[in-house]
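See below for the structure under consideration.
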Amino acid sequence: MSTTSHEPNMVLVNEEFDVVGTRPIRHDGVDKVTGRALYGADHDTVGMLHGSILRSPHAHARIVSIDTSKAEALTGVFAVVTGQDLPETNAGTMVDTGGGNVDLKYLRENILARDKALYRGHAVAAVAASSLHIANEAAALIEVEYEVLEYVGSALDGMKKDAPLLHDDLKTNELGEKTDEPSNVATHFQFSKGDLEKGFEEADVAVEREFENVTVHQGYLEPQVATALWNEDGRLHIWCSTQGSFVVRGACSKILDLPVSQIRVVPMEIGGGFGGKLDVYQEPVAALLSKKTGRAVKIVMTRADVFEGTGPAPASHIKVKIGAKKDGTITAAQAYLAYEAGAFPGSPVGAAGMTVFAAYDVENIVVDGYDVVVNKPKSAAYRAPGAPNAAFAAEQVIDEIARALEIDPIDFRLQNAAKEGTRRVDGPAYPRIGCVEVLEAMKNHPHYKSPIEGPNRGRGVGIGFWFNIGFPSSCTIMVNDDGTVNLVEGSTDIGGTRASIAMQAAEVLGIAAEDVCPTVVDTDSIGYTSFTAGSRTTFATGWAAYEAANDIKRQMIERAAKIWEVDADAVEFENGVFKSENGSTLSMNFKELAGKLGATGGPIVGRAAVNPRHAGGSFAGNIVDVEVDPETGKVEILRFTVVQDAGKAIHPSYVEGQMQGGSVQGIGWALNEEYYMDDQGRMANTSLLDYRMPTSLDVPMIDTVIVEVANPGHPYGVRGVGEANIIPTTPTIANAIHDATGLRMQRLPMNPGAIMEAAWNQRK
Amino acid sequence: MAQHGDRVRMLAGGTDLLVQLRSGALDNVNVVLDIKTIPELNEVAYDPGDGLTLGAAVPCYKIYNNREVAQAYPGLIDAASIIGGTQIQGRASLGGNLCNAAPSGDSIPAMIALGGVANVAGPHGERTVPVEEFCTGPGRNVLQQGEMLVSIHFPAPEARSGARYIRFIPRNEMDIAVAGAGVSVVLENGTITSARVSLASVAPTPLFVREAGAALVGKPATEESVKIASEIAREAATPITDMRGTTEYRKHLCEVLTRRALLTAIERAKEN
Amino acid sequence: MPTVFIPSPMRSLTGDQQTVEVEGSTVRQVFDALDQAYPGFKQRLVEDGQIKPNIAIAVDGEVTPLGMLEQVGTESEVHILSAISGG
Amino acid sequence: MPRKTQVQATINGEPMDFLCEPRQSLLEILRDIIGLTGTKEGCNDGNCGACTVILDGRVVTSCLVLGVEVEGCEITTIEGIAIGHTLHPIQQAFLENAALQCGVCTPGFIVASKALLDENPNPTEEEIRFWLANNLCRCTGYDKIVRAVQAAAATLQETTA
């Protein structure tokens, strides 16, 4: 295997700060290396019961009857619930849970099936018992009579005229217009600019290919878990593992028909999410069981539950056609995107349509997107949702054209790269972006300059774009008399954001990162804060911390003015020191002034609630070298370099961590990960042995280059870095495999068997 | 043990048993006997003359951490050091691997190649069963009610002998063999005097391909000879298509793995 | 005047025009003006005075959380998108 | 309900006894009975390594050990790694090298790494990757974890040299 890093990690710094850009030890670090940090499953309360969920063994079946009597009779069982315990709704009632608009009927039916089980693993009933073992035994005693129905296994099958319908009330939506006939196609959209025909006429080369992505999972190590206590005073308390405590509050409020004021969500430490812990699953079920029993109820998913009962990233069928002139100008691009929504509408096909050609400045584009329901778990977000599937297609076609034109693949991308002012196919023109800078950093990297030698070896490159988002965040900061501050925020810390948020406050106040004590609190204790997702937390909650710190700075200046008996505008604050010219120079540093607050008017609290707009998108690129065993088809990653525009890396170590983590998830996605479905629409590989995520032995060191093209929309120029890094990986590895073998892999995963098959077919 | 009949299972490392119990695959089982405490099942007795007697419950790491055994039976170490990962190897035993009788059990072809013989004890006394006859189907073995596997005996390695087990997996560790090949050869001035070939994951049980070994006897230890034997191995394999690979792909791997394993075994034999 | 970019599925309403300029200093006013010029426009996008759930409005390249209340400048660009899920 | 057995074992140097059902795993005992929740559950079938503990000197996944099996055994969990009030060099190295993101796999990696360095004080990168292949991490891509173990090995050798 390939080992050791080839190049030191690089940070192409654009602006220096005192705290921002340094690498302090994260504030929650000690708790997490000693085992003291409390995650969802670690929560325990007096008299707590354990819940177990019975799931559908069928991909598509009508629920004829449910008999819970045997389960209820078992000693140690306290309650059983089914879909009938949730309020009934008609389709078309759209609600905003804070995670976007969804149909309440579908939202509820995904928690507990009502008339139909729509996927293998669909929750059908649940039990609360004195121990998990008893709860599991009881769940197995629930008798469900099913009428098994023909299932829809893929988007293309679901779009067929004679396909079985998942929902009789679902009609195709086209930008506000609905078709009359029920269909499995929930949405069709089209983006277009310029004149596609004209564009292809101008082209000297045109390449069209079809690509298949299979279903994959985020693979967070901590299974979903929730404990609910529906108190006698009517208030519902939920301790859970979530990327967004306020989103859980919002969703449970709608699902259970309970005002948000009656719900308190306590976000425990979270064991990974990658988009998969935005939706609620067992939270409302635990709540129903708690209401029936008057006791706290904890439900922890098994790994199989996680695979079959939570939202994976969708499979898709994609067609991409791109045309270019001999001189290397791309003249036209077209994409057809059919994405699996899973059992209920809402795949990320919209984002796929906006990002598929987002890295390129192309005059003539048409993109058609279809959101199709199939008998699989409702798809959920996964790191740049929708974009990696589209990139697997587009970046391979780009590679093929560059080869046809005999232009270096990075030069070809540079020649057509999106820039400030470039209009995306969905309309908006880019603000300042770092596409060109990322490509140049790739071109200048020693990895790209080094030769690739030896038989069966090849090199690939690829790039990807992700929007990132703003959304609301709140922050409160209290000044302590020892000159430290306590920072209170509501963003679940999934990868070091306590540090990256605290550092932005420290920068404003001229104190050390260690002098800020950040705490993530429950939904009763902080203003509304959107989820930890969309690469938004360091950007948006960091911005809230920046504003709250400035609120403190303003009040501290007033206090200094009061002490010195001067006007507030005569007081300056620089590098942590308050100064005033009043004959002689008066000065106090932050700590000194903090010590005087009690005697000069009392405590100072800073606060801010923000809803920032200009998130500033991020581009990422990969350079990958592989070796393919010609006898087994096994791909070894010899060398991997990831480049990403971070705008400004607040804590470079954790930015590198995001880039390395996204890259290795991409490697798993490219080479081995898939929901292997049997002929009954059931996932056959529901363990971490058979769902092959990369181990430490499967990957080399991941070399990183952080590019800093400041985002004009953020005080420190931050661009979110959580997502873009995974987008280029699958096509880059495919391009490297092609370089090594001449095989153009059009289906994921590119596992050894698939590569040998492709090799045999090529010889035929 | 007798009194519980087929409702009892032996617990050694438990790395398969506990998973099967939780999955509900063994709903009839309601008694688990921890046999790790029985001395005979933990013995590792090696004698250059008599060979190796390996207690059925000896965990993998105790096998590959044993210098003498590692020296004498590198082909066994090949398997013991790739079963599961570090933590699994702290518990999993070759005896357990054999009794579990999975077609993919990595150590079984290695043991067959080395001519291992299972020592079985039961209410009607003791008996021995060659490893290649131990497994009777997926998850099924020759043990009768009340019988248990005590140990496995391997003959002392002959001069100029070499063995090798390799498997193919998509990951580099923590994986189930798509196919595997365990082989052994004995050389006499460049000629193969005896050879054994066995395959994993390509039949209802680990497969002993007697004819592949036979084809090598009397042949020079060359790539050409090896090629012939590995073609026979490919033809002998009867794999199914499942999530781990297609029939065609697995048969192809049998040829590749047998060839690669034999070439290494020959190198090892020359060094002996 | 603000420029509204018409998505292809709605260009039947505007006689295939890809962009339209109309008066208005908020999204609401812009849509009212559009509906005057091209009847049926508003009913495609608006429900009970709100932007329809599966539609997102971007002003100057940023999807607005304010919907109909969003301010629009004389040089502004207004885009009509299908709302993206997840993030 | 199955009858419970009394089991005595030494956990993080402290003699303890507990009652457990035959079907309860060591992982359940540690977390639910004794309250040592630093040991995590990620898969409950031995494939993620989050529940790694040291059992009589050998790393095992505690989900694949029955509580009744540990009678008379010595067990070290993540809570027993720090030396009194001082972090173990491996814990310190994980902090300094930013070798954790969500942190849920971290206890398993630290316990497994300690067992590695106890046995092999100066492992190569490949030896580290091979030893840790039974521990899955989905956040970091392993790069910083491997570097942390290398750094800890260096520190430990200085202090023992």
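Protein chains in written order, with the numbering used here: chain A, 1 to 764; chain B, 1 to 272; chain C, 1 to 87; chain D, 1 to 161. Ideal Cβ placement from N, Cα and C applies to all residues, glycine included. Being a predicted model, the structure only gives us computed values, none of them experimental.
Burial state of C/Asp48 is exposed, judged by a 10 Å Cβ sphere holding fewer than 16 other Cβ atoms. Nearest in C-alpha terms to D/Phe130, of all of A/Val77, A/Pro694, A/Glu708, A/Ile755, is A/Pro694. Excluding the 5 residues flanking it on each side, D/His88 has same chain C-beta neighbours closer than 6 Å at Ile81, Ala82, in chain order. Note: D/Pro15 is bridge-paired with D/Thr10 in the DSSP secondary-structure output. Of all alpha-carbon atoms in A/Lys32, A/Tyr546, A/Leu487, the one lying nearest the alpha-carbon of D/Glu79 is that of A/Lys32. Taking 7 Å as the threshold, the shortest C-beta distance from A/Ala429 to chain C falls below it. Using a CB distance below 7 Å, the part of the stretch 28 to 61 of chain C facing chain A consists of Arg44, Leu45, Lys52, Pro53, Asn54, Ile55, Ala58, Gly61, ordered along the chain. Within 9 Å of the CB of A/Ala758, no CB atom of chain B is found; the nearest one sits about 12 Å away. DSSP places A/Pro652 in the uninterrupted alpha helix (DSSP H) bounded by 652 to 671. Ranking A/Lys634, A/Tyr676, A/Asp645, A/His738 by CA distance to the CA of A/Asp698 puts A/Lys634 first.
By the rule that beta-carbons nearer than 7 Å mark a contact, D/Leu95 touches chain A.
For A/Leu118, no Cβ of chain B is located within less than 7 Å of the residue's own Cβ.
A/Gly454 sits exposed, since fewer than 16 C-beta atoms from the chains shown fall within 10 Å of its C-beta. Scanning chain B for C-beta atoms nearer than 9 Å to the C-beta of A/Glu627 yields nothing, as the closest lies near 13 Å away. Proximity of D/Phe18 to chain A, defined by a Cβ-Cβ separation below 7 Å, is not satisfied. Distance check between A/Ala615 and each of A/Ala549, A/Ile702, A/Gly534, A/Val624 places A/Gly534 closest, using alpha-carbon atoms only. Around B/Met174, the beta-carbon contacts reaching into chain D at under 7 Å are Asn47, Ala133, Asn134. Residue burial annotation: A/Ala73 is exposed, with fewer than 16 other C-beta atoms found within 10 angstroms of its C-beta. One finds Gly753 in chain A with Cβ atoms closer than 7 Å to the Cβ of B/Thr246, taken in chain order.
Assigned with DSSP and collapsed to three states, B/His153 falls in strand.
Close to chain D, meaning a Cβ-Cβ distance shorter than 7 Å, are the following residues of the stretch 634 to 656 of chain A: Ser653, Tyr654. By alpha-carbon distance to A/Thr422, the top candidate from C/Gly61, C/Val78, C/Val4, C/Ser12 is C/Gly61.
Proximity of A/Leu49 to chain B, defined by a Cβ-Cβ separation below 7 Å, is not satisfied.
B/Met174 carries a coil assignment under DSSP once its states are collapsed to helix, strand and coil.
Rounded to the nearest angstrom, the Cβ distance from A/Phe274 to A/Ser530 is 17 Å, too far for a contact under 8 Å. For B/Asp47, the enclosing beta strand (DSSP E) begins and ends at 44 to 47. Chain A places a beta carbon closer than 7 Å to that of C/Ser82, counting this residue as a contact. One alpha carbon belongs to A/Glu269, the other to B/Gln71, and they sit about 48 Å apart.
Taking C-beta separations shorter than 7 Å and ignoring five residues to either side along the sequence, the partners of A/Gly328 in its chain run Leu405, Ile407, Phe412, Gln415, following chain order. Within the stretch 22 to 100 of chain D, the complete beta strand (DSSP E) segments at least 3 residues long are 52 to 55, 58 to 61, 74 to 76, listed from N- to C-terminus. For B/Glu271, no beta strand (DSSP E) run applies; the uninterrupted alpha helix (DSSP H) run containing it begins and ends at 247 to 271, by DSSP. By alpha-carbon distance to C/Thr74, the top candidate from C/Leu13, C/Gly15, C/Thr26, C/Thr14 is C/Thr26. Rounded to the nearest whole angstrom, the C-alpha separation of D/Ala152 and D/Ile145 is 10 Å.
When rounded, the separation of the alpha-carbon atoms in A/Val306 and A/Gln224 is 7 Å.
Here D/Cys139 carries a coil assignment [DSSP, helix/strand/coil]. With a threshold of 16 other beta carbon atoms within 10 Å, B/Gly162 meets it and is buried.
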